[in-house]
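Residue numbers (full-length UniProt numbering), protein chains in the order written: chain D, 1 to 448; chain U, 1 to 448.
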């Protein structure tokens, strides 16, 4: 079966589609006896079908007709936002890029393409932590990929539940080091790099969404912004009046828009990671493009920091979450330190390779090699803190909030948690260049 | 007449081509009586024909089959390089990207496309200082454009001859302010910007050439490097052994490769400008792409600095060039200061426009507006000094030299001039962030 134009599949047409698609039907041994289909996506965003048969399984993800909702990063994790259907309606009517379904649809639909390309490229570089893509249909905006079977859950849910993942820092640092290093000019030639940069320029609509929700809306009056009111009214106002903060966020926005450093995931928060104690899988790279590496590392670290500050709101009878908070701190510290170690090890390993940033004939002595790595990693560390801080701030006073805080029922407790995270975010954004090591960040987290 | 594939024109086929091309034949009133054709390009690089008829004129520029020579920025100004035909042969055989004519030809040919697009876009923004394009034929790699009639000469030749151009700083600052501002995110939307960035990623071969000859070769042993030997042997060696210099040039290279700030000319030295006392015309933007603004401003300023240091080699009976040197210093100072003034004036004028870098709803107070402009212009100033310095250094110890120095016959005098320029270049590259204003640069030039 092939379609010349997009049409949403239902459970019946899905089976026909699978039968006609060898790369999918082979995954279940072409055997449709005992086949089970479960629809798990929010129909407003993406259709996500889990297909399980006795001899195999996979997932089908298809952009839905109403998928402009997913512009707001709801995706298969619709609780991420926590805003009401009223808000969604406002957004549909008002956001300039989704003013009209007819206009926005072609770009919206293309995000499946960039997601598939990013999954394949990152998967090729780090197959341990990226689900395999079995099939992609551009016309249908449809991806067939590995089913991340139970007990995989979204990391953010695990962090809220207080579950420790002893391999998380190891796995995530591995994923980030490999995907970022190998798509940068430390590894690619200029020719490869520019070709890939050009292709991902096409994902401009999702870049614009990030610009708006991360770098703009929190710093101005916007009908989409919200916060735990009235507790944080003054805090939100303070963000909008902080000249230094606005100057710093502009610098980060400029890097986000102009600097094609590596193929980044583009939305690497704890809702884009599925975990078990043994497995870590990065999903949903629909925001992928060539941008600054620190945006990915910062997204992950920043969301761990949010998880840390939410713990006091989850503490209850019999569990004060103290040791869990220590585990989060350790995970943050390990994530950066392991990333640093793995990234520079890749650099050392490939320093005579095809990457054109630092030619061996020039940077040919160990002392110089050490100096350039230190300079590179220092800038990357400060980018990480800056972008991480921007991602924290936007989750507290911007449109899209995180379940870590949203699930804290008592508004005053939630506001206290959020305020501490916001204060640290502001400090990190404004004074990131004063931090020399991740342990200083940990120390600052303890003393907010 | 239309050609389905590239073929080089000679004087006969050229007339047929013009007759069949209304945008060209109309320029001479469709009247071929008294038509004169003069071939002025070096046949090894581009064919450049001047077509003059009683009722009008234009220039035809066509990439030649042997045009990979122009990879070395020889272009219509073949004296720029000053190397022997032996050197050219070495380059043909050895440079990786021109190893084989068959391989390199398609990309080489395409540079006419990027040149034409850049001429049109920059011309649309600053028609006073960019020759009008009348016609472009992609298949034929052929551009028909305004003939810059006498007394237009290449600026570099004017600087060697000691001719003052009182409007030069005014004109060049106008050209740079308009073309750079209006192709940046200060003026463009993200959507426009990313589309244009993607297109110019196609000009990768010429970007790679710049990477090699500006940011790499001068800092390593390369058979293509040359300098005024034996006088500068130790100086060239010192460049290759200077770790700090290498670290700084890597930072600039990274900006050149990764930062899509504006549509830059890409090769804006004094050989890319044609002048009369009243007119300033920027030509040959075949290296154009979305890169850092400072690369253009630095190229122009850096080449004026080279011209300054060459003057002592041109001083002779009856002309000590002292007042001319003062004029160059003033032109450098005026160029930056007028650029600063015009660029920020454009910013003020368009601060509520479609540019998405600094949204008015956020950067909405005069104090903040002033702070962000100061920060932006300070970084741009330091980029300008850094790139300008890199362009100076490469013209003294790299493959491509400038006529300013090459035309100084006595090697010892030439070496003295070059050494002073090299020393200043190294200082600017390594300590650019310590310079607060252009007058400090002027001061440093006087005291080298």
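Beta carbons are placed, not taken as given, at the ideal position from N, Cα and C, and that holds for glycine.
Looking at the backbone, the Cα of residue 434 of chain U and that of residue 248 of chain U are separated by about 14 Å.
For the pair residue 356 of chain U and residue 219 of chain D, the Cα-to-Cα distance works out to about 14 Å. At a cut-off of 8 Å between beta carbons, residue 237 of chain U makes no contact with chain D. Residue burial is scored here from C-beta neighbours: residue 214 of chain U has at least 16 other C-beta atoms within 10 angstroms and is therefore classed as buried. Taken atom to atom, the span from the alpha-carbon of residue 113 of chain U to that of residue 30 of chain D is near 51 Å. For residue 272 of chain D, DSSP records no beta bridge to any residue. Under the Cβ distance rule, residue 264 of chain U does not count among the residues neighbouring chain D, no pair being separated by less than 8 Å. Counting along the chain, no beta strand (DSSP E) covers residue 173 of chain U; the unbroken alpha helix (DSSP H) around it starts and ends at 168–182.
DSSP, read as helix, strand or coil, puts residue 298 of chain D in helix. At a beta-carbon threshold of 8 Å, none of the residues of chain D lie near residue 120 of chain U; the nearest stands roughly 20 Å away. In this structure, residue 3 of chain U and residue 24 of chain U do not form a Cβ contact; the two beta carbons are roughly 15 Å apart against a cut-off of 8 Å.
Nearest Cα to residue 251 of chain U within the set D:411, D:436 and D:376: D:376. For chain U, the residues of the stretch 369–389 of chain D that bring a beta carbon within less than 8 Å of one of its beta carbons are 371, 372 and 375, in chain order. In the DSSP secondary-structure assignment, residue 135 of chain D is bridged to D:144. Cα atoms of residue 50 of chain D and residue 354 of chain D: separation of roughly 41 Å, rounded to the nearest angstrom. The beta carbon of residue 224 of chain D sits no closer than 8 Å to any beta carbon of chain U. Assignment of residue 430 of chain U by DSSP, reduced to helix, strand and coil, places it in the helix class. In the DSSP assignment, residue 39 of chain D falls outside any alpha helix (DSSP H) and lies within the beta strand (DSSP E) extending over 36–39. By a beta-carbon distance limit of 8 Å, residue 61 of chain U does not contact residue 52 of chain U. Their separation comes to about 15 Å. In the DSSP assignment, residue 57 of chain U falls outside any alpha helix (DSSP H) and lies within the beta strand (DSSP E) extending over 56–63.
A distance of 8 Å or more separates the beta carbons of residue 338 of chain U and residue 262 of chain U. Minimum Cα-Cα distance from residue 304 of chain U among the listed residues U:290, U:361 and U:271 corresponds to U:271. The bridge partners DSSP lists for residue 263 of chain D are D:290. The alpha-carbon separation between residue 379 of chain U and residue 5 of chain D amounts to approximately 49 Å.
Only residues of its own chain outside the window of five on either side were considered, and among them 177 and 181 have a CB closer than 6 Å to the CB of residue 343 of chain D, listed in chain order.
Between the stretch 271–282 of chain U and the stretch 143–153 of chain U, the count of Cβ pairs shorter than 8 Å is three or higher; the stretches touch.
In terms of Cβ geometry, residue 128 of chain D and residue 146 of chain D do not form a close pair [threshold 8 Å]. Against chain D, a Cβ distance below 9 Å from residue 303 of chain U picks out nothing, because the smallest value is about 24 Å. Counting along the chain, residue 390 of chain D sits inside the alpha helix (DSSP H) bounded by residues 366–397. Within chain U, the C-beta atoms nearer than 7 Å to that of residue 197 of chain D come from 201, in chain order. Scanning its chain for C-beta atoms nearer than 7 Å, with the 5 sequence neighbours on each side dropped, one finds around residue 297 of chain D the residues 176, 339 and 384, in chain order. Where residue 281 of chain U is concerned, there is no enclosing alpha helix (DSSP H), although the beta strand (DSSP E) around it starts and stops at 280–282. Within the same chain, and ignoring the five residues on either side of residue 244 of chain U in sequence, the residues whose Cβ sits closer than 8 Å to its Cβ are 430.
Not a single C-beta of chain D is nearer than 8 Å to the C-beta of residue 297 of chain U. Taking all protein chains shown into account, residue 234 of chain D has fewer than 16 neighbouring C-beta atoms within 10 Å of its C-beta and is therefore exposed.
Nearest Cα to residue 115 of chain U within the set U:287, U:209, U:130 and U:9: U:287.
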